[in-house]
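In this text, residue positions in the sequence shown follow this note's numbering: the first is 4, and each later residue adds one.
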Amino acid sequence: MRVCVIGGGVIGLVTAWRAAQRGVRVRVVDPEPGRGAARVAAGMLAAVTELHYGEETLLSLNLESARRYPAFAAELAEASGREADPTVIGYRACGTLAVALDADDRAHLRELHALQHRCGLDSQWLTGRECRRLEPMLAPGVRGGLRVDGDHQVDPRLLVDALLRAAERAGVEFVRVRAERLRTGGGRATGVVLADRRELAADQVVLAGGSESGRLAGLPPEVVPSVRPVKGQVLRLRMPSGAAYGRFLSRTVRAVVRGGALYLVPRESGELVVGATSEELGWDTTVTAGGVYELLRDAHELVPGITELPLVETCAGLRPCSPDNAPMLGATALPGLLLATGHHRNGVLLAPVTGDALAAALVDGELPPVAAPFTPLRFAGGDRAGAVGFGAVSREEETV
Ligand code: GLY
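Encoded structure:
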């Protein structure tokens, strides 16, 4: 079987690698594979702390992917030519602390805690003093927080680099040209037409173009995925190295500040990722003074010592957001065309389960049960017709 995967971001790469492992001849079509939103992402594996009202169905997929991460990361590290050790791709079982800076944030966090409890999740309420005992760099005004020991992190750049190498070693061919249009014939997808006019024939095509997925020409209207870009600006700082590093931050620290989610993700390497804005501005990826200012202002309120750290990078990426915030996985109404897109805030977290689900859809012809609710066919008859969860939210202010 020949498969074309359109898009060489984290989702396209994991799909290609897993499919190739199952004997499929895979080509990934992307002018710059490995350059997608994951390069910007902080890499939180935050199934519990990023829980939102109305996304209970998505929660089960997120939890399943988080559960698979250590074995996935070890297997990927080995497949990329390194030792079978999850830390090779920056997997770190560090846990997360979500804190409140004022009474409103505290009420939000209390609601999140209650929701987590109703969903059977593990999280522990801490006083402000207990939060500061865990993370002494937190601002003295912290009013309380939630300790979530099961939400970890991975380094998305190491993850993507390892996926590129593993896919290549598994025989995946990279076609470094833009996909111009879907090739169709006889009522099915038959491959891809490239920007240089070449045509690649394929038995099945996986559209994994992130927030660009709906822009591919040649898609019949009923299968155009409803994916919109949600911009996130992110900063990278450098923490003091050596013994001092342990004294800066030891785990991911999050907060909702003025209605926006803020997080600080400390890596073993000394990198500290601060994110993220959430902006609906089309495909614009400009880093703005306002975005950087707001992130630094809010991060400084949370951890005043960050102003001492070198600021080494600013960047922006586009989250691919579906109408119900959940991914679209597997077959579409057009035979031979599958989707792997719409992962919104969870692309890095969902990489393991997406790769397995798409490989199963390609080779076995059906999604595994955990992924079945995420069929793109749920939107047949209107964007929200079969949306997973109930009353899903998409605006940052509505999150808890
Ligand atoms: N999952 C983090 C974000 O989307 O900003």
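Where is the CB? At the ideal position from N, CA and C, for every residue including glycine.
- Set against 7 angstroms, the gap from the CB of M47 to the closest heavy atom of the ligand GLY is smaller.
- Here DSSP, grouped into helix, strand and coil, assigns V260 to strand.
- Runs of the alpha helix (DSSP H) lying entirely within the stretch 23-111 and spanning at least 4 residues, in chain order: 59-82.
- The residues R146, in chain order, have a CB closer than 7 angstroms to that of D105 in the same chain once the five nearest residues on each side in sequence are set aside.
- G320 and H116 have their C-alpha atoms roughly 29 angstroms apart.
- Annotated as distal: A44 and G389, with beta-carbon spacing of 8 angstroms or more.
- Apart from sequence neighbours up to five positions away, the residues of its chain that approach G345 with a beta-carbon distance below 6 angstroms are V230, P323, S325, P330, M331, ordered along the chain.
- Contact annotation: the stretch 179-193 touches the stretch 206-224, with at least three C-beta pairs closer than 8 angstroms.
- Less than 8 angstroms divides the Cβ of L267 from the Cβ of V306.
- Closer than 7 angstroms to some heavy atom of the ligand GLY: that describes the Cβ of R322.
- Looking at the DSSP output, R191 sits in a beta bridge with G188.
- Cβ-Cβ distances below 8 angstroms link L137 to L100, L129, R150, S253, R254 in the same chain, with the five nearest sequence neighbours on each side left out; the list follows chain order.
- Taking a C-beta distance under 8 angstroms as the contact criterion, R191 and L380 do not qualify as a contact pair.
- Judged by DSSP in its simplified three-state form, A319 adopts strand.
- The residue from A334, G213, E225, V315 with its alpha-carbon nearest to that of W286 is G213.
- Looking at the DSSP output, E202 bridges to V196.
- Going by beta carbons, G235 and T280 fall inside the 8 angstroms limit.
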